[in-house]
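Asker: The sequence shown lines up with residues 23 to 161 when you count with the working numbering.
One structure coming up, written as structure tokens, with questions to follow.
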Amino acid sequence: IAETREKLKGLQGRLMTQGGIFDVPTLKRKLNQLNDRAGAPGFWDEPAKAQSLLRERADVEDKISSYEALDKLVTDDFELLEIAEMEGGAEADRVENEVATRITAHDHRLRQLELGRMLSGRADRNNAIVNIHPGTGGT
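See the structure below:
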């Protein structure tokens, strides 16, 4: 159980770092501002701007919900592991195995969040053309 707890602590640490990067309170304020703008009279007078704002709002909502969902899953598993450790026995081993299995999924989701954060610039959603010119000097 100690090893699984340490893995969860590592995930919590990385997630807390992501929380700082995501700055969820700022994202929530931004979401409120976007909602206010979307509810303003004349919002649909310029459909292109309206659609752009709605896309931005959806992106902000997605970031917030992804972070909060993963944070809740990791916290719940940590608490479940603590309860199982207090009770001990075969049930504790079963719970530990379940949590250890979910840690892999949590790690994968966290890596996706980290990658999404790295690729969150204005142009990062655009396509790119890559040319590879083989030549001397290696692969």
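The beta carbon of each residue, even a glycine, is placed where N, CA and C say it ideally should be.
Could you check the C-alpha separation between Glu-83 and Gln-34 for me, to the nearest Å?
Answerer: Looking at the two C-alpha atoms, the distance is approximately 22 Å.
Asker: Over the uninterrupted alpha helix (DSSP H) stretch that includes Leu-53, give me the two end residues.
Answerer: Counting along the chain, the alpha helix (DSSP H) containing Leu-53 begins and ends at 46–60.
Asker: Within 10 angstroms of the Cβ of Asp-98, are there 16 or more other Cβ atoms? Answer buried if so, exposed if not.
Answerer: Counting Cβ neighbours within 10 Å, Asp-98 comes out exposed, since fewer than 16 surround it.
Asker: Please give me, in chain order, every unbroken run of the alpha helix (DSSP H) with length at least 4 that falls completely inside the stretch 102–144.
Answerer: Fully enclosed alpha helix (DSSP H) runs of 4 or longer: 111–140.
Asker: Compare the C-alpha of Leu-30 against each of Glu-109, Leu-103, Glu-136 and Ala-112 and name the closest.
Answerer: Considering only alpha carbons, the answer is Leu-103.
Asker: Can you find at least 3 beta carbon pairs, one from the stretch 44–54 and one from the stretch 67–75, that sit closer than 8 Å?
Answerer: No, because fewer than three Cβ pairs between the stretch 44–54 and the stretch 67–75 fall closer than 8 Å, the two stretches do not touch.
Asker: Give the single residue among Ala-24, Leu-92, Lys-94 and Leu-56 whose Cα lies nearest to the Cα of Glu-78.
Answerer: The option with the nearest alpha carbon to Glu-78 is Leu-56.
Asker: Count the other CB atoms within 10 Å of the CB of Thr-123; is the residue buried (16 or more) or exposed (fewer)?
Answerer: With fewer than 16 Cβ atoms within 10 Å of its Cβ, Thr-123 is classed as exposed.
Asker: Between Gly-138 and Ser-87, is the Cβ-Cβ spacing less than 9 Å?
Answerer: Their beta carbons are not under 9 Å apart, which means Gly-138 does not touch Ser-87 by this criterion.
Asker: Does the separation of the CB atoms of Leu-49 and Ala-60 fall below 9 Å?
Answerer: Not closer than 9 Å, so no.
Asker: Look at the alpha carbon of Ala-114 and the alpha carbon of Glu-101, and state the distance between them as a whole number of angstroms.
Answerer: Roughly 12 Å between the two C-alpha positions.
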